[in-house]
Amino acid sequence: MIRLGICTSIDRAAAMKAAGFDYVELSLSQVTALSDEEFEALAREVDAAPLPVEAMNSMMPGTYRILTKEGTPAEVYAFLEKGFTRAERLGVKVIVFGAGGARRLPDDMTMEEGLQGLTVFLKAAGELAEKHGLRIAVEPLRAEETNIVNYVREAQALAKRAGRGNIGALADLYHMMCGNDSYEDMEKGLIHCHIAERKERAWPRWGDGSETDYRAFFGALKRSQYDGRVSIEGRAPEDFEEAARASYALLSALAN
């Protein structure tokens, strides 16, 4: 059965549970940047929350650079080791590798060189993640956010090149709609999903104009017998509780 979550802060867990959601998705970049004291306070809050933290997005901030002629700098892996250790403490299962700025292809590098560099990086990151019981979901991002790995098929191919059992692909409906991506490509290799509506990247709800795409998205997941997670990732609403109820009504109807 597909599990439904929201990319938000842990203090929203009670409202999410009341609406029907299954888990919270936090930001790895934000959690890794916390001081030790701040992280311990967060960990206690997560332990007491009515919903688990099962996923984390934003694997690293754009201030880091993965692709350089000299290879991925050691500081990137040090950041990931700290982040993955904290993610394991919080009970996280999957980490989303979006990081559009960090993975951006530099002008002095060909696309194939960039893909090879990301492959080497993911092999190493996957090994680090495995030590902490984590999987990594490669997220295709729209062209406005990065210039490499923009489509689901490209994320699948990169995950396959990495050749690790704990690395797979992500499908994000918002990015798919922006790039006219193929729903047929969703039918293999996915380990996580994100969703938002097309126009404003707002939370999904009946009557927002993206219903046709929602149905196609969940139809592809059902055909592939996907039983992972789908997280709302979009512009935060003014009325969180009302938006959560409205989104859950749509997502639960289409997911099950």
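According to my numbering, the sequence shown is numbered sequentially starting from -15. Backbone N, C-alpha and C define an ideal beta-carbon position, used for all residues, glycine too. Note that the structure is a prediction, hence the values are computed from the model and not measured.
So the candidates are the options; which of them puts its Cα closest to the Cα of residue i?
{"i": "Gly67", "options": "Ile120, Glu138, Ile179", "result": "Ile120"}
{"i": "Val15", "options": "Arg(-4), Ile(-10), Met0, Pro45", "result": "Pro45"}
{"i": "Tyr61", "options": "Met93, Leu118, Glu168, Glu111", "result": "Glu111"}
{"i": "Gly149", "options": "Glu184, Glu21, Asn164, Ile175", "result": "Ile175"}
{"i": "Pro57", "options": "Arg219, Val104, Glu29", "result": "Val104"}
{"i": "Glu138", "options": "Glu114, Met170, Met161, Leu118", "result": "Met170"}
{"i": "Tyr48", "options": "Ala33, Arg87, Pro34", "result": "Arg87"}
{"i": "Asp6", "options": "Glu21, Asp31, Gly152, Val37", "result": "Val37"}
{"i": "Gly152", "options": "Ile(-6), Lys107, His159", "result": "Lys107"}
{"i": "Glu168", "options": "Ser208, Val133, Arg126", "result": "Ser208"}
{"i": "Arg199", "options": "Leu18, Ala141, Met161", "result": "Met161"}
Provide the residue span of the beta strand (DSSP E) that contains residue i, from first to last.
{"i": "Val37", "result": "37 to 41"}
{"i": "Gly(-11)", "result": "-13 to -9"}
{"i": "Phe81", "result": "78 to 81"}
{"i": "Ser236", "result": "Note, Ser236: premise wrong, no beta strand (DSSP E); alpha helix (DSSP H) at 224 to 239."}
{"i": "Ser11", "result": "7 to 11"}
{"i": "Leu89", "result": "Looking at the DSSP string, Leu89 is not in any beta strand (DSSP E), and its letter there is neither H nor E."}
Check whether the Cβ atoms of residue i and residue j sit closer than 7 Å, and answer yes or no.
{"i": "Val122", "j": "Phe81", "result": "yes"}
{"i": "Ala237", "j": "Ile(-14)", "result": "no"}
{"i": "Arg213", "j": "Gly(-11)", "result": "yes"}
{"i": "Ser194", "j": "Glu181", "result": "yes"}
{"i": "Asn131", "j": "Leu74", "result": "no"}
{"i": "Trp187", "j": "Ile216", "result": "yes"}
{"i": "Leu205", "j": "Ile179", "result": "no"}
{"i": "Leu51", "j": "Gly84", "result": "no"}
{"i": "Ala241", "j": "Ala(-3)", "result": "Limits of the chain in this structure are -15 at one end and 240 at the other, which puts residue 241 out of reach."}
{"i": "Glu225", "j": "Ala(-1)", "result": "yes"}
Could you confirm whether any beta carbon from chain B is found closer than 7 Å to the beta carbon of residue i?
{"i": "Thr103", "result": "No chain B appears in the structure shown, which is made up of a single protein chain."}
Could you name the residues of the same chain whose beta carbon sits closer than 7 Å to that of residue i, not counting the 5 residues immediately before and after it, in chain order?
{"i": "Ala109", "result": "Leu64, Ile120"}
{"i": "Tyr210", "result": "Ile(-14), Leu174"}
{"i": "Ala27", "result": "Arg73, Leu74"}
In terms of residues, what are the limits of the alpha helix (DSSP H) holding residue i?
{"i": "Phe63", "result": "58 to 74"}
{"i": "Leu51", "result": "That residue, Leu51, is in no alpha helix (DSSP H); it is neither H nor E in DSSP."}
{"i": "Leu26", "result": "20 to 32"}
{"i": "Met0", "result": "-3 to 3"}
Short of 6 Å in beta carbon distance, which residues of its chain neighbour residue i, apart from the five on each side in sequence? Order them along the chain.
{"i": "Met40", "result": "Leu10, Leu12, Ala71, Val76, Ile79"}
{"i": "Glu129", "result": "Gly84"}
{"i": "Cys177", "result": "Ala155, Val214"}
Got a sec? Which residues, its chain only, sit under 8 Å from residue i by beta carbon, not counting five neighbours each side?
{"i": "Leu118", "result": "Phe68, Ala71, Glu72, Val76, Lys77, Val78, Ile79, Asn150"}
Problem - Unbroken stretches of the alpha helix (DSSP H), 4 residues or longer, contained in the stretch 192 to 217 - result: The stretch 192 to 217 contains these whole alpha helix (DSSP H) runs: 195 to 207.
Practice task
Quick one: which unbroken beta strand (DSSP E) runs of 3-plus residues sit fully inside the stretch 97 to 154? Chain order, please.
Solution key: Listed in chain order, the complete beta strand (DSSP E) runs (minimum 3 residues) inside the stretch 97 to 154 are 119 to 122.
Handout entry: beta strand (DSSP E) runs wholly inside the stretch 163 to 193, at least 3 long, in chain order
Key = 174 to 179
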